[in-house]
Amino acid sequence: MGCTLVIMAAGLGSRFKGGIKQLEPFGPNGEIIMDYSIYDAVEAGFDKVVFIIREDIRKAFDEMIGNRISKYVKVDYVYQELTCLPEGFSLPEGRVKPWGHGHAVCCCKGIVNEPFAVINADDFYGKEAFVKLHDFLVEDHDDDKISLAMAGFVLKNTLSDFGSVNRGVCKIDENNMLEDVVETYNIRREADGKVYSGENESNELSENCYVSMNMWGCPVKFIDRINELFVEFLKKNQNNIKAEFLLPEGIDYMIKHDEATCELLESNDKWFGVTYAEDKPSVKNAIAKLIEDGVYPEKLWK
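In terms of the numbering used here, the sequence shown opens at residue 1 and continues consecutively.
So, in structure tokens, the structure goes:
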């Protein structure tokens, strides 16, 4: 069974000072973070990559990664535009904000026709999560429900040295099934070495708890259901020009309405991301160390 890697790359990071942060080079030969995600995914068994982008950055994508990657794995594109809406809906006046990453997955209908993993373009996830997601996706699952998986990362492996971060803190049952993802804000490590959230130091978090980094494994029928939920979202929010249809909220609805199950797949790899411009040198250094340790070849694509 083939599996597809879906990479959400339509957004620009407002906290990154200039440029398209998904296309910044981090490796010794100009590799970008997506190169490493795709390399790990192909190594794990994924045989197709779908980039979700805005049409106006297609040329940059082809030049920076699409043309290169297409020599090694099948590549396709999905355009997430504000006007990509279900029949009967139109773009409200004044809407300039994207509809959210739940909407990004909705746009994959007709292009992604096989089990898939979905990730952020500017996040480095490591090898373990791709292997576990691929293995999950090729297994047989209960057809009565939508069988999902989420890569759960250890909180301490996802923090930035340059500011606070927001994370979805996971609540799981005794069988490692996801019960809830609590969006938690202003998470940072303080001078006492402990990790806190919120505005003061009364909300301590375990640095070993699991968090969601928006890395999911989904059967193809998930796309139809998330499109149905997007229609319901639009009925309530079409005139709210800032409302976003978020993927975790759609998944949470399915779980709590007994339509889906979601297994948390533990990853102990270090996650890297460019939340702040100041993160870039540390990410470059981390990748250089992985190359030095033999995890990746110096030239990723031969």
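No residue lacks a Cβ here, since even glycine has one placed at the ideal position from N, Cα and C.
Task: Secondary structure of Arg167, DSSP reduced to three states - done: strand
TODO: Please report how far the alpha carbon of Met335 lies from the alpha carbon of Ser267, in whole angstroms.
DONE: Only positions 1 to 302 of the chain appear in the structure, and residue 335 is not among them; the question remains open.
- [ ] Tell me the start and end of each unbroken alpha helix (DSSP H) in the region 127-193 that is at least 4 residues and wholly inside, in chain order.
- [x] 127-137
Task: Among Asp269, Ala117, Tyr276 and Thr275, the one whose alpha carbon lies nearest that of Leu290 - done: Comparing Cα positions, the closest option is Asp269.
Open item on the list: At 4 residues or longer, what runs of the alpha helix (DSSP H) sit wholly inside the region 238-283?
Closed with: Whole alpha helix (DSSP H) segments, 4+ residues: 247-256.
Task: Local Cβ density within 10 Å of Val6, reported as buried at 16 or more and exposed below that - done: buried
- [ ] Report the three-state DSSP secondary structure of Phe124 (helix, strand or coil).
- [x] strand
Open item on the list: Taking 8 Å as the threshold (C-beta atoms), are Cys3 and Gly45 in contact?
Closed with: yes
Task: Contact with chain B by Gly273, beta-carbon distance below 8 Å - done: Of the chains in the structure shown, none is chain B; there is only one protein chain.
TODO: Under 6 Å Cβ to Cβ from Lys171, same chain only, skipping five residues before and after it: list those, please.
DONE: Glu179 and Asp180
- [ ] Buried or exposed for Val138, please, with buried defined as at least 16 other CB atoms from any protein chain shown within 10 angstroms of its CB.
- [x] exposed
Task: Nearest to Asn200 (by Cα), restricted to the options Tyr125, Gly94, Asn186 and Arg167 - done: Checking every option, the nearest Cα to that of Asn200 belongs to Asn186.
Task: Alpha carbon of Phe89 to alpha carbon of Tyr196, nearest angstrom - done: When only Cα atoms are considered, Phe89 and Tyr196 end up about 42 Å apart.
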